[in-house]
Structures are given as structure tokens and as C-alpha cells.
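Residue numbers (full-length UniProt numbering): 1 to 235.
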């Protein structure tokens with residue numbers, strides 16, 4: 001409250017209340033990713049059918065198209081995760097991280113690295129905004145129980161913020177790194193890990209597709225770079 005000419009004037013500060021569930025760009029990216037996954041599954045099924053029918057050439061071509069759709073889907077999900085993470089954390093304080101709108105694997109990947117950052121910098125607590133599941137499918141919260149399980153597996157004490165069931169407060173004083181549960185590197189095909197048979201031009205069936213990209217090339221690693229930028233802006 002400021003005083004102007006002896007008169008008290010209350011200054012109103014805008015409060016940002018970003019809601020990913022009504023953000024058209026976020027919804028567009030996730031929807032396109034889902035559609036790409038469905039197309040990938042259709043192409044994969046067609047590829048297997050063609051192979052079983054002896055049409056090895058078509059099986060290979062369909063398999064390649066299926067892999068291309070998988071790449072498109074993962075890139076779209078990465079864009080959505082990056083977008084929502086930046087929007088959610090634009091006004092976050094230095095001891096909190098907002099994971100709203102992220103899929104569980106995305107959230108755990110980033111959270112593990114945020115905890116490491118906190119431990120390395122002697123932060124005693126970290127407030128993790130997980131929401132109440134109001135925008136989850138069927139209203140069932142997914143982030144909160146997954147993060148509570150992650151904390152239990154790594155001996156991280158946590159409790160709900162008083163008066164706010166959408167915020168988990170993590171006690172980090174005695175936490176030892178590295179923690180387990182989210183992996184030390186971004187998992188391959190993070191969003192849809194269903195294996196897919198691959199076929200070569202000679203009609204031979206290859207091993208199920210594996211992703212040998214290193215951590216720095218993965219979609220979640222790219223999101224984490226955005227996270228690092230957010231952290232640096234707060235320190």
C-alpha cells in the first residue's frame with residue numbers, strides 16, 4: 001500500500017493464474033500428439049499384417065512410416081511439455097516447481113533433476129505444485145500419487161502444504177543423491193514404449209526397435225534445458 005499526498009492507495013498486483021486445461025495451444029499440441037500415436041499404431045498393425053501375408057516390401061515401408069509417426073508424436077509432446085512448463089513456472093518462486101500439465105514421466109524426469117539441484121545448493125525444502133487432479137481424466141489425480149511414490153522410494157519426507165492439497169512440500173535436508181525412480185537418463189520412447197517389429201527390404205524381421213540416442217538428444221532432455229533456464233533466472 002502506497003501513500004500519495006497523505007492518502008493511502010492500495011496497489012493491485014496482477015496475479016497470474018495459468019490453466020493448461022483451457023490453453024488452446026497446449027491442448028492442440030497434445031491432441032496432435034495423440035493423433036500421431038494412433039496413426040503410428042495403425043501403421044504398425046498394417047506393417048505386421050503385410051509381413052504375415054508375405055508382402056515384405058510393404059511391411060518395411062509401413063514400418064518406416066510408423067517410426068516417422070512416432071517421432072512426430074514425441075516431438076509434439078515435447079513441445080507441449082516445454083510450453084506448459086514455461087507458462088506454469090514463469091512466476092514461480094525459487095523454492096517451488098509447478099508440474100501442472102506434464103505427463104507423469106515428464107514430471108518425474110524434471111523433478112529428479114530439480115531435487116538434485118536443490119540438494120547441491122543446500123535447499124531445505126522444495127514446494128512441488130501437482131494440482132488436485134481436477135483436470136485429469138475422470139478427475140483422478142496422477143501426478144500426486146506418482147510423486148509420493150517416488151519420494152517414498154527415495155526416502156524423501158514430504159507433506160501437503162497446509163490448506164493446499166495441490167502442493168507437496170519435500171523435505172530435502174537429509175536427502176542423498178542420486179535418487180532413483182525416474183532414471184538417470186531420459187528413457188527411450190518416453191511417451192509410448194510399445195515395441196514394434198522392424199522389417200528390412202529383404203524381407204527379414206529385425207529386432208524390436210530400440211532408441212540408442214543419448215540423454216542430450218532425447219525429448220525430455222530438451223525440456224530439461226528449458227527447466228535449467230528457468231532455474232537460472234531465479235538464482
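Cβ coordinates follow ideal geometry from the N, Cα and C atoms, glycine included.
Problem - Counted within 10 angstroms of its Cβ, other Cβ atoms place residue 98 as buried (16 or more) or exposed - result: Buried: at least 16 other Cβ atoms inside 10 Å.
Problem - Under the three-state DSSP convention, the category residue 130 falls into - result: coil
Exercise for the section: Name the two residues that bound the continuous alpha helix (DSSP H) containing residue 89. Expected result: 56-89
Problem - Integer Cβ distance of residue 160 from residue 147, believed to fall under 8 Å - result: No, residue 160 and residue 147 are not in contact; Cβ-Cβ is about 12 Å, not under 8 Å.
Problem - Exposure label - residue 93; buried when at least 16 CB within 10 Å - result: exposed
Handout entry: Inter-stretch contact at 8 Å, needing at least 3 Cβ pairs: the stretch 98-113 / the stretch 50-59
Key = Judged by pairs of C-beta atoms under 8 Å, the stretch 98-113 does not touch the stretch 50-59, as fewer than three such pairs exist.
Handout entry: Delimiting residues of the beta strand (DSSP E) encompassing residue 167
Key = 164-171
Handout entry: Same chain, Cβ closer than 8 Å to residue 30, five either side skipped, listed in chain order
Key = 76, 77, 80
Handout entry: Terminal residues of the beta strand (DSSP E) in which residue 98 lies
Key = 96-98
Exercise for the section: Out of 105, 106, 127, 74, point me to the one whose CA is closest to residue 156's CA. Expected result: The candidate whose alpha carbon is nearest that of residue 156 is 127.
Practice task
Return helix, strand or coil for residue 159, following the three-state DSSP convention.
Solution key: strand
Problem - Pick from 171, 23, 57 that is closest to residue 158, judged by C-alpha positions - result: 171
Handout entry: Burial state of residue 90, where buried means 16 or more other Cβ atoms lie within 10 Å
Key = Counting Cβ neighbours within 10 Å, residue 90 comes out exposed, since fewer than 16 surround it.
Practice task
Please go through the same chain and pick out, in chain order, the residues whose beta-carbon is closer than 6 Å to the beta-carbon of residue 70, but skip the five residues on each side of it.
Solution key: So the qualifying residues of the chain are 40.
Handout entry: Cα-Cα separation, residue 143 to residue 23
Key = 19 Å
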